[in-house]
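Peer 1: Residue numbers (the working numbering), protein chains in the order written: chain A, 80 to 422; chain B, -12 to 533; chain C, 6 to 372.
Positions of the beta carbon are idealized from the N, C-alpha and C atoms, including for glycine.
Note that the structure is a prediction, hence the values are computed from the model and not measured.
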Amino acid sequence: MSLRVDGLSVAFDGVSVLDGVDLEVAEGEVLVLLGPSGCGKSTLLRAIAGLERPSAGRILWDDKDLTEVATHGRGFGLMFQDHALFPHRDVAGNVEFGLRVAGMPADQRSHRVARALEMVGMEGFGGRRIDTLSGGEAQRVALARSVAAGPRLLMLDEPFGSLDRVLRERLTEDLGVLLRRLGQAVVHVTHDHDEAFALADRIAVLGDGRILRIGNPAEVWADPGTVHAAECLGHENLVVLDGSGCCPLGRLGDGPGTVLVRGDRLVIGAPADGQPAAAQVSAGRSVGPVSGLVVRTSIRGGRTVVVLDVGGLCLRASSDGSTSVGDRVGVSVADGGVVPLSG
Amino acid sequence: MGKLRELVRISARVLCVAIPVGFLTIFFLYPVGSILVRGIGAGGLERLVGLLGRGSFRGVVWFTLWQAVVSTVLAVLVAWPGAHLLARRRFRGQAVLRAAVTVPFVLPTVVVGGAFLALFERFGLSDGPLRLTRTVGAILAAHVFFNVAIVLRTVGTFWEGLDTRPEEQARVLGATPWQAFRWVTLPRLWPAVAAAASIVFLFCFTSFGVILILGGPTRATLETEIWRHAVFRGDLASATALAVVQLVAVMAMVVVANSMQRRRAIGQVPVRRTLPRASGRLLAGNLGLLALVLGFPIAVLVERSLTTGRGADATWSVRNYVALADRVDLLPISALAALRNSLLFAVVAAGMAVVVGGLASVVVVHGRRTTSRLFDLGLMLPLGASAVTVGFGMLIALDGPPLDFRSSRWLVPVAHALVGVPFVMRTVVPTLRSIDQRLREAAAVLGASPARARRDVDLPIAARALAVGGAFSFAVSLGEFGATSFLPRHPDQLTAPLALFRLLGTPGEALRGQAMALSVVLMVLTAASVLVIEGMGRRGAVRGDL
Amino acid sequence: MCIGPRFRPATALMVALVVAVTASACGGTDNLTAVPLSSGGVPATEAPSPTGSVTLITHDSFWVSEGTLRAFTADTGIEVVLQMAGDTGQMVSTAILTAGDPLGDVMFGVDNTFLQRALDADLFEAYESPALVGVPESLRLDPTHRVTPIDFGDVCVNFWIDRFDSDNPAPSTLADLADPAYADQLVVQNPETSSPGLAFLLATIAEYGDGWEDYWAALRRNGVVVTSGWEDAYYGEFVSGGGDRSIVVSYASSPSAEVIYADPPVDTPPTGVVTSTCFRQIEFAGILAGTEHRPAAELLVDFLLSPTFQEDIPLNMFVFPALASAALPEVFIDFVQKPEDPHQLDPAEIEANRNAWTERWTEIVLR
């Protein structure tokens, strides 16, 4: 029971949007597609659903080729970004739609609708008109509608796109629980790395119509592989090295390029008097300490984040909250904190 | 400064209401009211009571009604695939096809009637078990021919602006294309279908030439009966009684249709996206259907216009076209000059219709409930009123200062605009209603006043609908014959349809050939004008994208 | 609400139209410069000087050569403004509706089938033109001179010559039309909707008297086809327009039009006229009651009977001039048959019986 996408390409009027995408999603697995807007995430979902015609490649379910099968014959569910609730039907009318087209009798339908609504915490909303729902409610109804139809693969396209952060975080958590309970194959699309890490069994980073990196969240986080992927994953300290591989932190590479300095591996200590170490530092070994200036501090998610100026290089690190703006500190990078990137 | 702005705002609002109301009152309600009062004074009510008791009269009402209903249903069915094609697929020549289907609209019934008779003859339908000549079948076929464009364009334009995601969502939920259409597309499309169908119904309900020419002498509708009594028998009382019945029926119909359109006002954000290319089979099927319904009669006209001589002596030639530039003795001006007149009238009429219809649409969508419904009803009425009632009404009502219009050159375009306004409204109102309130709110949040928001949000989105409506009123004006013939005209004001009628009123191959050539030129001109007008509307829509 | 800081051409157009509509609605009746349609005529309502202009109301079929009306203006200094008001029925109905406050000063084109209705409505002021002396007595139907005969023509059965020969001769009488030899060949127009149709019915009534009902029943048995108007009969059913039927009700002048407007040119007409089936239609002019330009109107009526106008009538309207002395064009002499003794009925009798006749006709022929 798994989905396989094989060398999938989609082009609009000759302009390539997806270019040779390979994917596999197993039953019970949540794959999160992460990428900035316009990278082809939605197109990939639409192609899997059969709403876009691929220019090359295949879509298989349990090794059965579905590429030529019409959308309604694939048994996949797709929840749209703006929910696309049917404005001319009430909540129950929306949720039961998939069952209705499948020809389920009305009495069984109402039972399933009630259960689906209950699952998303919307008991008793069946008779409500769509335009009276709040954003979060609409999102839950859309989810209930997708789930109620009982798809073998559930695809979610930025389901929290238009919601506020608090609501988004709460719903993300609820969704995580719900998805585990359903035990289906799930493809979830988002541009929000926090959301991705909260939900994913595996993460695929998408950029310019290709899969840049795919793996489990920890692996992907530790070694994004490319600059683009690192940006998508929310890494902030991307350091450009000069021709000899140097930067204010020291010599971090063999030549020009970009390295990632992981924020969670940056250590802030007592002020260091030193100049940057001239010696070459190989990736994986520690660096510093080097002198830095605290430029700004802020609190994000309960943790203090400091912005440091190290010889003109701007770095972000988490701190225990003991430093304040204007402090001179010593900055060092712990083992494995420097990750070379390509592209 | 603030006070001044307030004053401008209020006067703008007053103008929005006052211009349509003034237009309708002066040029329709007052004239029609006057002629009805005159007719009732001449014993119209007694005649009405007498009529209601007569079986033949009930037969006329019944026939008028059912032929209009069946014609409307057929027109909707035939137009449906084409509307889908234009709204949901891309193909080369889309704009041309869109303009081309409008062509039948301007063709005078005399000419089309002849083309249909010739077609029936050619396909062996003039006799035998499949006989269409002088049957209801001929009437229905001609009504479909004339009205397919209305449905195709009105529904197609609305459909084009309809969000595709609900359909896709339905498909993902397991709906077959048909189920998605039936349960998701159709309910949202309904307002536009009701709007188009109500116009087609009114056209068929008041159809005149088609009934007389194709239906044969035994078929009569309220419209032909009003004309026969008022003009041929000089019996104003009976004509008035019939006109009252016609107006009451039309009002009832419009009220029902309008409530159907309101029932489901769907808030949708128009989404711009690339549409799939039309497959060869879909394209071929559609073009085949349209060619069958629209193409054959037009082909006959083109063939006739390019032929000189009769029967075995017939040869191909463009002589008929060359002759258009020269004045024949029968006509006060050359056919080309008549075409120029028609174009000028059409520009003025379409302009008036767009202004009046556009403002009225705003009132219908945003005005208070009662005002809105009255506007919706009132401005539809001219479409369902007999040309006799309107024409004669204008003559007796607009006869003294300050409304001395009887011999004014404005009267013809005004009469045309009266019929054009409902077209503008039926295309603009559903579109305005479908504009997502959030867009206006977004504009308001960005600091736009309500009027400004309306201009920056509604106008660009409505521009395309406005252009479609404007193009229709343009075409209506180009082809209008009935009301024009009732209004006194200076000879140099001859319009192309009137010229056609004159050319066909005297024997002679050259005259007939010229009439056919004039019809073809009128068709080409219509298609070209529609292309240009809608091109303007589309550019406006794109420029206005938020 | 349509006027904003960014002034677009489209907005400007809309504003201009709004202004134009509003202005015209507020009484600016005839700002002719606003719409460049004008090329001469001055509307009737703006003619203050009694000798300045006179308005002639006509049906749509009226037309004369370009210089003809100018000759009148040259002689009298009075300009003629033409107003066309639809076909004869529409024109008469319009005149009756606007009686007392007429759209013009003189009306031309009311014929003997509509005459009595117009007279009953007191549309005209009496005027005896001195030119009337040149008009045959038979055309002067109104002894009180409320209307003046201007031209006449005949509605007759036409036939397609090539369809007949010596073995199979063309019909020559009304009775022939009911003969099985001519079965399924005749096309007529509905007298309830068509002027020639009415004229032909009147011809049969004049010929057969009370027997007309039997005659029409016989025509029906013989396969007569009825159309609503002349156009669909002549161009739809008759051979001339590609139809199949060889006999049609049309005008005595139709063959001449078939020659003049033939393409390619022909020497002889393809159609002939059955002269014994003709009904005479006489067209009259009258001064409309309520005119403010009576002297000018009288001059115009005189002019309508002048040789200049009368000799211009045939080729423009395909009817004969009323003035006996008017010269006829050659093509008319060659191809237009003037029946010796066309059928006629008294206009008062027509008006009194017409609705009853047409209703009876409908029952016999169409039900």
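1. When you compare only the Cα positions, how much space is there between R75 of chain B and V171 of chain B?
2. Does the region 320 to 334 of chain A come close enough to the region 387 to 394 of chain A that 3 or more CB-CB pairs lie under 8 Å?
3. Measuring CA to CA, which of C:I62, C:E133, C:M96 is closest to V111 of chain C?
4. Name the chain C residues that come within less than 8 Å of D386 of chain B, Cβ to Cβ?
5. Give every residue of the same chain whose Cβ lies closer than 8 Å to the Cβ of S506 of chain B, excluding the five residues on either side of it in the sequence, and list them in chain order.
6. Apart from the five residues on each side of it in sequence, which residues of its chain come closer than 6 Å, Cβ to Cβ, to S398 of chain A?
7. Check this for me: beta carbons of V97 of chain C and V59 of chain C, under 9 Å apart or not?
8. Counting only Cβ pairs nearer than 9 Å, list the residues of chain B close to G93 of chain A.
9. Report back the beta-carbon spacing between T99 of chain C and L382 of chain B to the nearest angstrom; my notes put them in contact at under 8 Å.
10. Would a C-beta distance cut-off of 9 Å place G296 of chain B and P260 of chain C closer than the cut-off?
11. Let me know if A149 of chain A comes out buried or exposed under the rule of 16 or more other beta-carbons within 10 Å of its beta-carbon.
12. DSSP beta-bridge partners for D159 of chain C?
13. Where does K143 of chain A land, buried or exposed, given buried means 16+ other C-beta within 10 angstroms?
14. For D222 of chain B, which residues from the same chain have a beta carbon less than 6 Å from its beta carbon, with the 5 sequence-adjacent residues on both sides left out?
15. Is the CB-CB distance between L113 of chain A and A275 of chain A below 9 Å?
16. Leaving aside the five residues before and after R231 of chain A along the sequence, list all residues of the same chain whose C-beta is less than 8 Å from its C-beta, in chain order.
17. Could you tell me which whole beta strand (DSSP E) segments of length 3 or greater appear in the region 151 to 230 of chain A?
18. Touch check for the region 280 to 298 of chain C and the region 145 to 163 of chain C: three-plus C-beta pairs under 8 Å?
19. Would you say S29 of chain C faces chain B, with C-beta separation under 9 Å as the test?
20. Please list the partners that V97 of chain B has in chain C, where partner means a Cβ-to-Cβ separation under 7 Å.
21. Per DSSP, what kind of secondary structure is T294 of chain B in: helix, strand or coil?
22. Entirely within the region 113 to 142 of chain C and at least 4 residues each: give me those alpha helix (DSSP H) ranges in chain order.
23. Relative to the C-alpha of N245 of chain B, which candidate in B:A312, B:F459, B:A184, B:L61 has its C-alpha closest?
24. Going straight from the alpha carbon of T93 of chain C to that of A70 of chain B, what length do you get?
25. Hey, would you say T482 of chain B sits closer than 9 Å to V399 of chain B, going by beta carbons?
26. Under 9 Å, do T59 of chain B and L209 of chain B count as touching if we go by C-beta distance?
27. From which residue to which residue does the alpha helix (DSSP H) around C191 of chain B run?
28. Name the chain B residues that come within less than 8 Å of V265 of chain A, Cβ to Cβ?
29. Contact criterion: CB-CB distance below 9 Å. Does V338 of chain A meet it with respect to chain B?
30. Are the beta-carbon atoms of S420 of chain A and A283 of chain A separated by less than 9 Å?
31. If you measure between the beta carbons of F192 of chain B and A236 of chain B, is that distance less than 9 Å?
32. Which chain A residues sit within Cβ distance under 7 Å of Q156 of chain B?
33. List, from N- to C-terminal side, the alpha helix (DSSP H) runs of 4 residues or more that fit wholly inside the region 322 to 394 of chain B.
34. So what's P419 of chain A in DSSP terms, helix, strand or just coil?
35. Return the bridge partner residues of F164 of chain C from the DSSP annotation.
36. Closer than 6 Å by C-beta to G205 of chain A: which residues in its own chain qualify, once you throw out the five before and the five after it? Chain order, please.
Peer 2: Taking the definition as stated:
1. For the purposes of this step, residue 75 of chain B is taken as residue 88 along the second sequence, with counting starting at 1. For the purposes of this step, residue 171 of chain B is taken as residue 184 along the second sequence, with counting starting at 1. Taking the Cα positions, R75 of chain B is about 15 Å away from V171 of chain B.
2. As far as the Cβ criterion goes, the region 387 to 394 of chain A touches the region 320 to 334 of chain A, which means the pair count is three or higher.
3. Position 106 of the third sequence holds residue 111 of chain C. Shortest Cα-Cα distance from V111 of chain C to any of C:I62, C:E133, C:M96 involves C:I62.
4. In the second sequence, the residue the question calls residue 386 of chain B occupies position 399. By Cβ distance, chain C contributes T103, D106.
5. Your numbering for residue 506 of chain B matches position 519 in the second sequence. Cβ contact annotation for S506 of chain B (same chain, cutoff 8 Å, sequence separation greater than five): L94, P95, V98, L288, S292, L487, in chain order.
6. Here residue 398 of chain A corresponds to residue number 319 of the first sequence, with the count starting at 1. I347, T383, V385.
7. What you label residue 97 of chain C is simply residue 92 of the third sequence in a count that begins at 1. What you label residue 59 of chain C is simply residue 54 of the third sequence in a count that begins at 1. Result no, Cβ atoms of V97 of chain C and V59 of chain C do not sit closer than 9 Å.
8. In the first sequence, counting from the first residue as 1, residue 93 of chain A sits at position 14. Within 9 Å Cβ-Cβ: nothing; G93 of chain A doesn't reach chain B, min ~11 Å.
9. The residue given as residue 99 of chain C occupies position 94 in the third sequence. The residue given as residue 382 of chain B occupies position 395 in the second sequence. Rounded, the Cβ-Cβ distance is 6 Å, consistent with contact.
10. Residue 296 of chain B sits at position 309 when you count from the first residue of the second sequence. Residue 260 of chain C sits at position 255 when you count from the first residue of the third sequence. With respect to P260 of chain C, G296 of chain B sits apart: the two C-beta atoms are not nearer than 9 Å.
11. Here residue 149 of chain A is taken as the residue at index 70 of the first sequence, counted from 1. Answer is exposed; the Cβ neighbour count stays below 16.
12. Here residue 159 of chain C refers to the residue found at position 154 of the third sequence. DSSP output for D159 of chain C lists C:R285 as bridge partner(s).
13. Locating residue 143 of chain A in the first sequence gives position 64, where the first residue counts as 1. Flag for K143 of chain A reads exposed.
14. For the purposes of this step, residue 222 of chain B is identified with residue 235 of the second sequence, where counting begins at 1. Around D222 of chain B: H216.
15. Your numbering for residue 113 of chain A matches position 34 in the first sequence. Your numbering for residue 275 of chain A matches position 196 in the first sequence. Cβ distance < 9 Å, so L113 of chain A and A275 of chain A count as in contact.
16. The sequence position of residue 231 of chain A within the first sequence is 152, counting from 1. If we look at R231 of chain A and ignore the five residues flanking it on each side, its Cβ neighbours are M80, W140, G154, F155, Q263, A264.
17. 155 to 158
18. yes
19. One-based indexing of the third sequence puts residue 29 of chain C at position 24. Unreliable positioning characterises S29 of chain C in this predicted model, as indicated by a pLDDT of 38, which lies under 50. The coordinate reading is nonetheless provided below. Output row for S29 of chain C: interface = yes.
20. Residue 97 of chain B sits at position 110 when you count from the first residue of the second sequence. By Cβ distance, chain C contributes E236.
21. For the purposes of this step, residue 294 of chain B is identified with residue 307 of the second sequence, where counting begins at 1. Correct three-state label for T294 of chain B: strand.
22. 120 to 125
23. The sequence position of residue 245 of chain B within the second sequence is 258, counting from 1. When only C-alpha atoms are compared, the closest one is B:A184.
24. To locate residue 93 of chain C, count along the third sequence from 1; it is residue 88. To locate residue 70 of chain B, count along the second sequence from 1; it is residue 83. Each residue's alpha carbon lies about 43 Å from the other.
25. Taking the second sequence and counting its residues from 1, the one referred to as residue 482 of chain B is at position 495. Taking the second sequence and counting its residues from 1, the one referred to as residue 399 of chain B is at position 412. Yes, the pair counts as a contact, with Cβ atoms nearer than the cut-off.
26. If you number the second sequence from 1, residue 59 of chain B lands on position 72. If you number the second sequence from 1, residue 209 of chain B lands on position 222. No. Outside cutoff.
27. Looking up residue 191 of chain B in the second sequence gives position 204. Here the alpha helix (DSSP H) through C191 of chain B covers 173 to 192.
28. For the purposes of this step, residue 265 of chain A is taken as the residue at position 186 of the first sequence. None at all; the shortest Cβ gap to chain B is about 14 Å.
29. As a first step, residue 338 of chain A is located in the first sequence; it is residue number 259 there, counting from the start. Not an interface residue.
30. For the purposes of this step, residue 420 of chain A is taken as the residue at position 341 of the first sequence. For the purposes of this step, residue 283 of chain A is taken as the residue at position 204 of the first sequence. The question names Ser, yet the displayed sequence has Leu at residue 420 of chain A. No; because the gap between Cβ atoms is not below 9 Å, this pair is not in contact.
31. In the second sequence, the residue the question calls residue 192 of chain B occupies position 205. In the second sequence, the residue the question calls residue 236 of chain B occupies position 249. Between F192 of chain B and A236 of chain B, the gap from beta carbon to beta carbon is short of 9 Å.
32. Translated into the one-based positions of the second sequence, residue 156 of chain B becomes position 169. Within chain A, the residues near Q156 of chain B are F159, A163.
33. 322 to 353, 356 to 365, 368 to 371, 374 to 384
34. As a first step, residue 419 of chain A is located in the first sequence; it is residue number 340 there, counting from the start. For P419 of chain A, the three-state secondary structure derived from DSSP is strand.
35. Numbered from 1 along the third sequence, position 159 holds the residue referred to as residue 164 of chain C. The partner list for F164 of chain C (beta bridge, DSSP) reads C:I252, C:G277.
36. Taking the first residue of the first sequence as 1, we reach residue 205 of chain A at position 126. Once the five neighbours on either side are set aside, the close Cβ partners of G205 of chain A are V170, A171.
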